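In this note's numbering, the protein residues as written are 1 to 169.
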């Protein structure tokens, strides 16, 4: 159980690093005249992400989950998800945020990953991250109840992002 908590909080700390990067970029984007889209949706996604993480952690605690092969599979999925997250942050650099901002004259990344996978941050980072957390914590209730709810909010986010980005294409 202790190993699950240590690994969990290690990945949670990485998520906080990405949040810090996002906040820094958000301040700069606002100064440059960026417009935020889907403000309520972004707030709901933030709450859903936090609730999912701590729901999985609580479930691990409640069931007395142990660190085993399934937990290692969760760690592998999380390593993949966070690798994609940091790669996307690297590629988007100054325009990457957890919120949806469009700045006048914003560039569109047309590199291989972004041409190949529409919304890689969502499909190769967030969804695998949530699955990885559930595997790490043996959190089946969190996975089966939380992931579909999160997917609804993410679907709304993707639609809003598509509409906002159309102006740039």
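Think of the CB as a built atom: it goes at the ideal place given N, C-alpha and C, for glycine as much as any other residue.
Because the structure is a prediction, the values reported are computed rather than measured.
Own chain residues within Cβ distance below 7 Å of residue i, not counting five before or after
{"i": "residue 128", "result": "77, 80 and 81"}
{"i": "residue 104", "result": "33"}
Test item: CB-CB of residue i and residue j under 7 Å
{"i": "residue 56", "j": "residue 133", "result": "yes"}
{"i": "residue 35", "j": "residue 102", "result": "yes"}
{"i": "residue 48", "j": "residue 153", "result": "yes"}
{"i": "residue 168", "j": "residue 106", "result": "yes"}
{"i": "residue 70", "j": "residue 135", "result": "yes"}
{"i": "residue 60", "j": "residue 131", "result": "no"}
Coarse secondary structure for residue i, derived from DSSP in three states
{"i": "residue 4", "result": "helix"}
{"i": "residue 108", "result": "coil"}
{"i": "residue 35", "result": "strand"}
{"i": "residue 168", "result": "coil"}
{"i": "residue 96", "result": "coil"}
Same chain, Cβ closer than 8 Å to residue i, neighbours up to 5 away in sequence not counted
{"i": "residue 12", "result": "53"}
{"i": "residue 39", "result": "99"}
{"i": "residue 237", "result": "Beyond the ends of the chain as shown, which are 1 and 169, falls residue 237; an answer cannot be given."}
Buried versus exposed, by CB contacts within 10 Å (16 or more), residue i
{"i": "residue 6", "result": "exposed"}
{"i": "residue 97", "result": "buried"}
{"i": "residue 138", "result": "buried"}
Segment limits, beta strand (DSSP E) that includes residue i
{"i": "residue 101", "result": "100-102"}
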